[in-house]
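Listed in order, the protein sequences are those of chains F and E. The opening residue of the first sequence carries number 1 in our numbering; numbering runs sequentially from there. The opening residue of the second sequence carries number 1001 in our numbering; numbering runs sequentially from there. Just so you know, even glycine gets a beta-carbon here, dropped at the ideal spot from N, CA and C. Nothing here was measured: the structure is a model prediction, and the numbers come from that model. This report refers to the structure that appears directly beneath it.
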Amino acid sequence: MIEIKNVTKNFDKVNAVDNLSLEIASGTVLGLVGSNGSGKSTLLRMLAGVFEPNSGEILLDGAQLFENPTAKGNCFFIPDFPYFYNNSTIDNTATFYRELYPHWDESRFEKYCSVFPVGRDTSIINMSKGMQRQAALILALSTCPQYLYLDEIFDGLDPVARHTLKKILIEHVYEDKMTVIIASHNLRELEDLCDRICLMHMGSVLMERDIDSLRLEFRKVQVAFNQIPDVPNPFEGINTVGVWRNGNVFNITIKGTEEEFMPKLNALNPAYVSAMPLTLEEIFISEMEAAGYDTSSIV
Amino acid sequence: MTQAASFKDKFKSGFAVFKWELKSCKNTLIVFSVISSVVIAIVLTLSVVVGSLNVLDYTGYNYNNLQTSLSLFQVIASYLVFMLNAVFTIIYTIRIFSYLHNKRKADLYGSMPISRRTFFVSKTISAYILSIVPTLFFFGVISIISVLFGQPVEPEVARLYVKLLLGAIANISFYALLAVCCGTTLNSVLSFVGINFAYPLSAMFIRGTIKAFFIGMPTSQYSSSFIMKALNSLAAYDGTNIIYWLIFTAVCLFLGILLVKKRKAECAQTSFAYRLPCYIVEILISFIIGMFLGMLFGSLNVLSYGLLGFIFGFILGSVPAYIITHLILYKGFKRVFKSAIPYGATVVTVILLVTFCNFDFFGYNSFVPKEESVKSAGLIDLSKCCCADTESAFGLADMASDDYEDNDNIKTIINFHNSAVQLADKESNEKFGSVWINLMLSNIPSEYMGGYCVSYRLQNGQITYRYYDPALIYSNLFGGDDSELHTAALEKITSSCEYLKNYSSIMNKSVDSIEQLSLSFDNNGSYSDSFYDSQIYVAYNHLVDKKQAAEDRKKILEAYRQDVEEKGVKDSSKSFCLLSVSFSSGDVSNRGALWQQMSSLLTPDITLPEDAVVYSDYTNTIAALREIGIINSDNSVNTDGDYFKSYSSYSIGY
């Protein structure tokens, strides 16, 4: 289990992570989403032991993480731009990792080398971005990490590779209780993969929820009226996140279950009501709007 | 709850990093090896070919001996490999510690299951080994080739091992510390170069200023002191001040290990993680430029007074230097005002200290003890003192302070001291002007530049002394109205038998360290105008082997010493011939510059020749000269002698 307790990280005058607390159970896949500069990568780097928090603590199975090689032996971090030496190949890097990571598994290494179509003796820096990520994944998974941190891992991967990755991650989460934290702007992929979503904005957590319950919590409702009710706010009493009107048709994002808002909507005598679940992207945009980060303030 | 890493785990991780580093630097290592091999092959070929051709070079050095050419091969090849090592050490070191200066590398290494300290130590050890081991291997190859051909390892080459070890570990450790403190490789390199360049210059300026304002202060004694090179880690390649450089290395390593743990990984690609190197570089650079301009304006009497001109020039020079240095290091004006605090403190300190120097509040320059307060006194001519380069300033003064208790000699010394004080009493701008002379002469050891030490033991037992370099007051001291009197008086002391016995190299240095001995004869037995052209060298040549020549030189000197003990020193008009002796100076690298050490390839490093008169009644010496065959039984020069025959070839042996 990962426990993040009141963690703050500053860079000069910028509060990248601001008094953040979070608990991540073992065997889950957590998606970290948020606006640009929300602190996702910073949080991942603190979890990987690269950055030391200015205050607060991060515990991995009860042990302090920073400067704890034993704890870090159970983790692996793939950053958004992984670094490889000029002469490094998968094979010679594996030789290094074999001695460094205590849980290195040679059979896994061989297996993933055959799964991902990347040359073992090819210089990694001469590969494309996607192939470099695959190389990083081979090495990462071969270290048998209990905690895997991935920053924008889907960026550059082709659909087949993405599908393969998701399959492998799910397999390890299920069999080995591996915990995966993925920071990504590709909400479509996260939707398929993650158990939980953590939405960050300006260094804080806006929301952290189970993805299924999150979907249930938000609804995109289209309401059409023959005659719009003659009241200032027809949807008063309903927990609306956003309302867009197009003539007599209203598109509303509602936070709440259908059992809660449907009776109230029906009471307005609409000609047509239709409720659909939101995609993760739509939920993200809605929450960001609520936090004041939306396109209307930019465009 | 996870357990802390054991020592075994740390060692295993550290070793894995070391192996990884070795693999990463494999190509560079191959390049170094290829170049070194080619260099050795070329030098060996040339040495053997030159030797086999029986060629004499411009120094008169005889190469017709294979062993001699192998000796040259050994030394030249070793020095070239040594220099190659310096270049590749730079490459390895910068590369190895660049992990601290790249955010992506920081992500990689920061997330690895290895502590920062273990990682840093592994990297440092990798740098040491990559720098030193291959070079030692090639030194070994050079030595083995020489030994196989019958030429033992030269002491010069053996010294190179020490210099290499010392220089490499000191510089790598220093750079490692700077790399921890700086956020970019550029800043690390600039800091390293800046400190190595600016520190010795600053030390020279300080010493020059002290000497210019406190004219009797023995600052030239400190030429090879570690203080002059304390932060100039490149000086460790000289092989001097070994203890200091070992401590320096240990301190740098300790600080590096201490700081690397707390260093913020996000400092990669920012200017500095710890700002101390920035402050040091800014202060040193602004100090040098400020002093340069300050001394110039001071000597030109700008603002009608030297000190005012100095203050104006110092500020005018140091402020832009500080700003530009800051701009380069920070790539902008960030923190320019915060960094200005130590700079400002430096400016104030310098101005206060120079003001103090200028006014000589404690009367250091004008102090001459009264005759009645002096119990005993002494005077040493530093160009005629066997221990000028080995004794400390106080040590020499202590030796001299008890030399003379008689009033005549004490008065002579005090008169000389008074004249020096009067001539050294300069205007403010002249003092600033003399800083330049001090800078130019600062690296010349005192035994070359000459000078005098006057020392007194006062009635209360205290020793007080002053050192006067003639170059500072040369035109006045020896050109003034009273100069002949004082020169003659000094001559009386420095030519006395007692002085000769106490201080001359001829009477005190070990006979085993004689490097060169020559004799000069003319019709009158006195100094001839062409003294140095008419010398007969007692040196090995094609007629006399090395061992015999060394024995002959010893014989002559021992006989001379016996004569001096028995008969003392006479009137020079009764001289028989003139003897000139040079001794080995011991530590070659005291000479400083590498070029001077290179010159010792062809000639051993020796002291300046010291001259002495052989008088007509020095029977032992004359007998020795007859025995060796330099003179005939009627005391005329033996033109059939082995040394006379070879004299025209200017052979220099040892």
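Can you tell me the Cβ-Cβ gap for residue i and residue j, rounded? I've got them flagged as a contact below 8 Å.
i	j	result
Asp-1360 (chain E)	Phe-1248 (chain E)	Wrong, their Cβ atoms sit about 35 Å apart, outside the cutoff.
Phe-1088 (chain E)	Ala-1179 (chain E)	Incorrect: roughly 17 Å between the Cβ atoms, too far for contact.
Thr-42 (chain F)	Thr-179 (chain F)	About 19 Å separates the two Cβ atoms, so there is no contact after all.
Lys-220 (chain F)	Glu-282 (chain F)	7 Å
His-1326 (chain E)	Val-1336 (chain E)	5 Å
Thr-257 (chain F)	Leu-216 (chain F)	7 Å
Tyr-1560 (chain E)	Thr-1621 (chain E)	5 Å
Gly-49 (chain F)	Gly-1110 (chain E)	6 Å
Leu-1519 (chain E)	Val-1564 (chain E)	Actually they do not touch by this definition, with Cβ atoms about 16 Å apart.
Phe-116 (chain F)	Gln-134 (chain F)	4 Å
Gly-203 (chain F)	Gly-73 (chain F)	Incorrect: roughly 29 Å between the Cβ atoms, too far for contact.
Ser-1580 (chain E)	Asp-1552 (chain E)	So it is not a contact: roughly 15 Å between Cβ atoms.
In three-state DSSP terms, what is residue i?
i	result
Gln-1269 (chain E)	coil
Lys-1338 (chain E)	helix
Arg-1275 (chain E)	coil
Asp-1545 (chain E)	coil
Asp-176 (chain F)	helix
Ala-1106 (chain E)	helix
Ser-1376 (chain E)	strand
Asn-1358 (chain E)	helix
Ala-1116 (chain E)	First, the residue type needs correcting, since residue 1116 (chain E) is Arg and not Ala in the sequence shown. The answer is helix: DSSP assigns Arg-1116 (chain E) an H, G or I state.
Met-46 (chain F)	helix
Phe-51 (chain F)	coil
Phe-1149 (chain E)	coil
Glu-1558 (chain E)	helix
Glu-1021 (chain E)	helix
Gln-1459 (chain E)	coil
Cys-1453 (chain E)	strand
Asn-1620 (chain E)	helix
Cys-1386 (chain E)	coil
Gly-1363 (chain E)	coil
Asp-1009 (chain E)	helix
Ala-1539 (chain E)	coil
Tyr-1330 (chain E)	helix
Arg-1263 (chain E)	coil
Gly-256 (chain F)	coil
Once the 5 residues before and after residue i are set aside, which same chain residues still bring their CB inside 6 Å of it?
i	result
Gly-31 (chain F)	Ile-182, Leu-190, Cys-194 and Ile-197
Cys-1267 (chain E)	Gly-1183 and Ala-1273
Glu-1156 (chain E)	Val-1075
Glu-1405 (chain E)	Ser-1376
Checking the sheet assignment: what are the DSSP bridge partners for residue i?
i	result
Thr-279 (chain F)	None; Thr-279 (chain F) has no bridge partner.
Glu-306 (chain F)	Outside the displayed span of chain F (1 to 299) sits residue 306 (chain F), for which this structure offers no information.
Cys-1181 (chain E)	Note: Cys-1181 (chain E) sits in no beta bridge, so no partner.
Gln-222 (chain F)	F:Asn-251 and F:Ser-274
Gly-1313 (chain E)	In the DSSP output, where bridge partners are listed per residue, Gly-1313 (chain E) has none listed.
Met-207 (chain F)	F:Leu-199
Ile-2 (chain F)	F:Ile-24 and F:Leu-60
Asp-121 (chain F)	Note: Asp-121 (chain F) sits in no beta bridge, so no partner.
Leu-1284 (chain E)	According to DSSP, Leu-1284 (chain E) bridges with nothing at all.
Can you name, in chain order, every residue of its own chain whose Cβ lies under 7 Å from the Cβ of residue i, other than the five neighbours on each side?
i	result
Ala-271 (chain F)	Ala-224, Phe-225 and Asn-226
Tyr-1305 (chain E)	Ser-1428
Ala-1400 (chain E)	Gly-1378, Leu-1379, Ile-1380, Cys-1453 and Ser-1455
Val-1421 (chain E)	Asn-1365, Ser-1366 and Val-1368
Asn-86 (chain F)	Ile-125
Tyr-1279 (chain E)	Ser-1339 and Pro-1342
Ignore the nearest five residues each way along the sequence and tell me which others in residue i's own chain have a CB closer than 8 Å to its CB.
i	result
Leu-1190 (chain E)	Val-1281, Ile-1328 and Leu-1329
Leu-1166 (chain E)	Ala-1236, Tyr-1237, Gly-1239, Ile-1242, Trp-1245 and Leu-1246
Val-1637 (chain E)	Phe-1521, Ile-1536, Ile-1630, Ile-1631 and Phe-1644
Phe-1120 (chain E)	Ala-1176, Val-1180, Gly-1256, Ile-1257 and Val-1260
ask   = Would you call the stretch 259 to 273 of chain F and the stretch 203 to 215 of chain F touching, i.e. three or more CB-CB distances under 8 Å?
value = no
inquiry  = For the pair the stretch 1146 to 1160 of chain E and the stretch 1068 to 1076 of chain E, tell me if three or more CB-CB distances fall below 8 Å.
reply    = yes
ask   = Any chance the stretch 1284 to 1300 of chain E sits against the stretch 1341 to 1355 of chain E, with 3 or more Cβ pairs inside 8 Å?
value = yes
key: Contact between the stretch 1432 to 1440 of chain E and the stretch 1496 to 1506 of chain E (3+ Cβ pairs under 8 Å)   = Output reads no: the stretch 1496 to 1506 of chain E does not touch the stretch 1432 to 1440 of chain E.
message = I'd like to know if the stretch 1155 to 1170 of chain E and the stretch 1075 to 1091 of chain E are in contact, where contact means that at least 3 CB-CB pairs between them fall below 8 Å.
response = yes
inquiry  = Quick test of the definition: if touching needs 3 or more C-beta pairs under 8 Å, does the stretch 1188 to 1207 of chain E touch the stretch 1112 to 1132 of chain E?
reply    = In short, these stretches do not touch, since the Cβ pair count stays below three.
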